[in-house]
């Protein structure tokens, strides 16, 4: 099938195209130079064209997401979608069912989304849910930061063994990156505690968060992984945590990026930094330290962050940061689910209402925006809401509109949020407005690059996957700053979305689910001989401690309808 | 008042969901339009006239409309769901969710109601002359924000977990109650004139429960405050002498009140 998309206004930062009128040709799922006269013509006159969106950090599949669905029938009731031709029904506002997740990402023009926390033991469940999440390409990030084997090998100071285990685990779970959540803290939670800061050791293993971050950051480059270590810092959500955040950011500095695939040059991806940019000592004297955090990012080139923008919705928080969820439950008194994942990690789920009438959520909303507006280089920042933790991914269009319209933000500050947004943060003094080019950077180019997928994702150059979003907003006649309502609507319901060269969305509705999404996973073998030895050690631990048989642990190829390995080092 | 009479034909085996049967939906519609309103029968939508004969006359103003269901609707759910004004009078039984999420107006059921009558009710009046099932005036599954206003009166007996997560409004049960009335209650007034099996006000944080009958088993998490006569609650004097308790102290920050009639409840008072 061939398409030619005519007369659209193209924003494609990876190819330095900033609002040019340009035809895009598509053939056999790829972007090509030219097509035959038989090609289907899509008229994009007066419309914006961007590459398909890439979400580098979201929670859409696996055990804790499903726990969120199960403990929140009232969230399902709030948002129900009936079945229609070719589509399943579904429900859920903050934790939509799998099919609805795929449809809703596609409707916004997003074609790739990464599940940011996969307990290795529950990898099969995660891939099963991917199987039922249509349209979008995806990958899952296995959790390493509180894993017994990792902590043991790091305690022994043996980076080779750590690397061999990590490469084996990535292949066994069909995982994509080294995800670290509250390193040492979730293990401490298994003992009923938490760690405070990066120098507080995990019980028994006696390794600190700092040692885990440092060790895994080195391992990441020893393995030549496409993505950087993906770090959820210690002390999430605590007033005064920005010091921990800045210290954590500094740990991998000096390590050299060494990706086998892709063109990543950063060695640290720090996630939902909004939750890690707080000053003060308690919730009364709490203030934003986003300017200091943004300043660090501006001055250092080894780091990319995503924001975790609060959207002021009633949502469901879910994270492998088990102790944090307990704190949250103690704070808001709402229901709480707590999970322990044997030798690997833990998690918690708690509903949360970010009300614009309440002081703290309003300040959190403003802190997220401060990060967006104060980090100067859009190659260092990605758009996320840590969906659904700070708000559901369906609000990305609204976040984009806040960034593009100072007027919208002023209206929020004057009419919709508590005065703490102004009093505790500098957001009211920031009048920067993002351009469409910058929006395409933070939602397409930057995530694709730091994920190591920018050969085929996040751009519209020849050879890229034909994942394309077309929005009915005309930058030549409409001003996003003034017409932010129309902008949000246009970004919420794309005019057209192509996935792998097939039209999957038309006029804001999913019309075709196309092929199953790709599952990206990292194929890396650090040292085959050492790996065999490690697997022997792992098997012994399985017999002793795990609830499943070793042979039932690894995810078989059959789980991946469209397996797409990405190479790391193969030694 | 314009009356619209819905006469049920034989109730199908697969339940009906009549959330369109409200004065708000009928307002401004001709009789034919009302006949053509949708009604869910399982996962299929049919016309209202397939299951009900429709007669009478509508009005533009919902508060001027009285809907009479002239017969048994025991397998019809969601009658009057979300209504804001007007009146519904049912001459027989109804199924689940009658008056769920209602905000105003009045519903009277002459027969029995199944579970969830007045779920998440915000205002108006719901009266059931017969018995009702479980979860009278409760929150939706999983929700922690239940009935917030209005008045529910059940003349017969009811089941378990009524007034769960109640926030406001008033509920009067003339008959007996099974276990856990007012569980997780946060506000409002629940008056039970009959007996209760057990666990009144479990994990309640606020609101008031009055039991004029006998509570078989009472929870340990309540602090005894002594005997009070003719207490004035929500602007209303409740006659009689009551053992007064505060709780449920098993929950942090609790300040709910339970009044249990002195007569018959000596076994739950500490002295």
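Residue numbers (our numbering), protein chains in the order written: chain A, 148 to 718; chain B, 35 to 305. Ideal placement from N, C-alpha and C gives every residue a C-beta, glycine not left out. Keep in mind it's a predicted model, so treat the numbers as computed, not measured.
Straight-line Cα distance separating residue j from residue i
i, j, result
"residue 488(A)", "residue 466(A)", "13 Å"
"residue 610(A)", "residue 596(A)", "15 Å"
"residue 512(A)", "residue 87(B)", "54 Å"
"residue 189(B)", "residue 378(A)", "60 Å"
"residue 625(A)", "residue 553(A)", "15 Å"
"residue 142(B)", "residue 199(B)", "24 Å"
"residue 579(A)", "residue 599(A)", "29 Å"
"residue 416(A)", "residue 199(A)", "21 Å"
"residue 68(B)", "residue 90(B)", "11 Å"
"residue 562(A)", "residue 506(A)", "14 Å"
"residue 144(B)", "residue 569(A)", "57 Å"
"residue 196(A)", "residue 422(A)", "32 Å"
"residue 242(A)", "residue 583(A)", "29 Å"
"residue 55(B)", "residue 186(B)", "19 Å"
"residue 213(B)", "residue 287(B)", "23 Å"
"residue 75(B)", "residue 36(B)", "28 Å"
"residue 303(A)", "residue 340(A)", "24 Å"
"residue 80(B)", "residue 52(B)", "11 Å"
"residue 382(A)", "residue 176(A)", "44 Å"
"residue 156(B)", "residue 497(A)", "26 Å"
"residue 292(A)", "residue 491(A)", "8 Å"
"residue 661(A)", "residue 258(A)", "12 Å"
"residue 262(A)", "residue 205(A)", "5 Å"
"residue 683(A)", "residue 673(A)", "16 Å"
"residue 519(A)", "residue 581(A)", "9 Å"
Exposure of residue i, with buried meaning 16 or more beta-carbon neighbours within 10 Å
i, result
"residue 47(B)", "exposed"
"residue 645(A)", "buried"
"residue 413(A)", "buried"
"residue 696(A)", "exposed"
"residue 464(A)", "buried"
"residue 150(B)", "buried"
"residue 217(A)", "exposed"
"residue 299(B)", "buried"
"residue 680(A)", "exposed"
"residue 229(A)", "exposed"
"residue 77(B)", "exposed"
"residue 703(A)", "exposed"
"residue 585(A)", "buried"
Inter-residue CB distance, residue i and residue j (contact presumed, cutoff 8 Å)
i, j, result
"residue 387(A)", "residue 425(A)", "6 Å"
"residue 493(A)", "residue 336(A)", "6 Å"
"residue 120(B)", "residue 57(B)", "3 Å"
"residue 136(B)", "residue 184(B)", "7 Å"
"residue 148(B)", "residue 172(B)", "At roughly 13 Å, the Cβ-Cβ gap does not stay under 8 Å, so residue 148(B) and residue 172(B) are not in contact."
"residue 517(A)", "residue 577(A)", "7 Å"
"residue 274(A)", "residue 666(A)", "7 Å"
"residue 109(B)", "residue 50(B)", "6 Å"
Contact test: residue i Cβ vs the ligand SAH heavy atom, cutoff 7 Å
i, result
"residue 559(A)", "Questions concerning the ligand SAH fall outside what the structure shown contains, since it holds no ligand whatsoever."
Amino acids of chain E, ordered along the chain, whose beta-carbon sits closer than 7 Å to that of residue i
i, result
"residue 475(A)", "Going by chain labels, chain E is absent from the structure shown, which instead holds the protein chains A and B."
DSSP bridge partner residues for residue i (one or two, in chain order)
i, result
"residue 272(B)", "None, per the DSSP bridge assignment."
"residue 179(A)", "172(A)"
"residue 291(B)", "242(B), 280(B)"
"residue 492(A)", "488(A)"
"residue 418(A)", "Its beta-bridge partners do not exist; DSSP assigns none."
"residue 562(A)", "Bridge partners of residue 562(A): none, in fact."
"residue 115(B)", "DSSP lists no partner for residue 115(B)."
"residue 426(A)", "434(A)"
"residue 228(A)", "237(A)"
Exercise. Are the stretch 322 to 333 of chain A and the stretch 281 to 300 of chain A in contact at 8 Å, needing three or more beta carbon pairs?
Worked result: yes
Exercise. Quick one: any contact between the stretch 453 to 465 of chain A and the stretch 432 to 445 of chain A, if contact means 3 or more CB pairs under 8 Å?
Worked result: no
Problem set entry | Inter-stretch contact (C-beta, 8 Å, three-pair minimum) for the stretch 279 to 289 of chain B and the stretch 222 to 241 of chain B | yes
Exercise. Just checking, does the stretch 535 to 551 of chain A make contact with the stretch 630 to 648 of chain A on the three C-beta pairs under 8 Å criterion?
Worked result: yes
For this session: May I ask you to verify whether the stretch 205 to 225 of chain A touches the stretch 158 to 178 of chain A, counting CB pairs closer than 8 Å and requiring at least 3?
Result: no
For this session: Decide yes or no for the touch test of the stretch 584 to 595 of chain A against the stretch 528 to 535 of chain A: beta carbon pairs closer than 8 Å, at least 3 of them.
Result: yes
For this session: Count the CB pairs spanning the stretch 362 to 377 of chain A and the stretch 308 to 315 of chain A that are closer than 8 Å, and state whether there are at least three.
Result: yes
Exercise. When the Cβ atoms of the stretch 294 to 303 of chain B are set against those of the stretch 250 to 269 of chain B, are three or more pairs found closer than 8 Å?
Worked result: yes
For this session: Report yes or no: do three or more beta-carbon pairs, one from the stretch 476 to 485 of chain A and one from the stretch 396 to 408 of chain A, lie closer than 8 Å?
Result: no
For this session: Give a yes or no on contact between the stretch 214 to 234 of chain B and the stretch 244 to 255 of chain B, applying the rule of three or more CB pairs nearer than 8 Å.
Result: yes
Exercise. Three or more C-beta pairs closer than 8 Å, one from the stretch 181 to 190 of chain A and one from the stretch 235 to 254 of chain A: is that the case here?
Worked result: no
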